[in-house]
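In what follows, a structure is listed as structure tokens, so that the remarks can point back to it.
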Amino acid sequence: MIYVTIPSGMVFKKIAVQQNNSNETEQISDCFVTPEEGTIIDLQNLVKEALRTNSRRKNCINLKDITIYLNKPPATSELFLAYTPNHNGKHPTEIEPKVITGREAHQYDPKQYTRYGSFWYQQIHLSADRQSEIEEKMSEQKANRRHIGYSPLST
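Quick note: the sequence shown, position 38, residue 38 per the UniProt record's numbering, numbers continuous.
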């Protein structure tokens with residue numbers, strides 16, 4: 001799956017496009033279309049050429065009108081088209097593309113949500129009774145780990 005920036009005022013559609021300047025051969029192609037003017041950007045061919053010529057294995061390919069992110073888009077509120085090319089853009093996609101934000105594309109990253117030295121139960125929303133029960137058990141275990149006199153409990 002790749003992520004494509006959506007040009008302003010355009011929508012994704014599958015359109016029958018003429019091939020090789022002949023009237024007889026028409027193929028369905030993935031395109032960005034302006035609803036009012038009818039301007040067409042052939043997304044399928046752009047993705048095909050971008051993937052074919054990406055020799056340095058970049059994460060981001062900047063083209064004239066769009067930017068293609070191969071791994072993950074930046075974690076912003078900007079809208080992206082989650083596009084799955086079929087045979088690296090040779091054929092129209094079989095999976096319906098989705099419009100998502102950059103934040104939705106990123107999965108859970110524990111580095112952003114946990115602090116060093118924090119207890120697991122402080123990160124989860126627990127009831128006050130459950131919270132006090134956990135803290136009581138924690139203090140009991142801590143007291144049992146101390147070496148004070150002859151303790152029957154193992155450390």
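Quick reminder that beta carbons are idealized off the backbone N, C-alpha and C, glycines included.
Owing to the predicted nature of the structure, the values given are computational and were not obtained by experimental measurement.
| Query | Result |
| --- | --- |
| Who are the near neighbours of P73 in its chain, counting only those whose CB is closer than 7 Å to its CB and skipping five residues on each side? | Y3, F80, G102, A105 |
| In this structure, what does DSSP give as the bridge partners for Y150? | BP columns for Y150 are empty, so no partner. |
| Using 8 Å for Cβ pairs, my map puts D30 next to T93. What's the rounded Cβ distance? | 6 Å |
| Is P35 buried or exposed, if buried means 16 or more other CB atoms sit within 10 Å of its CB? | exposed |
| Under three-state DSSP, which class holds D129? | helix |
| Identify every residue that forms a DSSP beta bridge with N62. | T67 |
| Whole angstroms are fine: how far does the CA of Q107 sit from the CA of A143? | 39 Å |
| What did DSSP end up calling N86 once you bin it into helix, strand or coil? | strand |
| Our contact map puts V33 next to M10 with C-beta atoms below 8 Å; I'd like the distance itself, whole angstroms only. | 6 Å |
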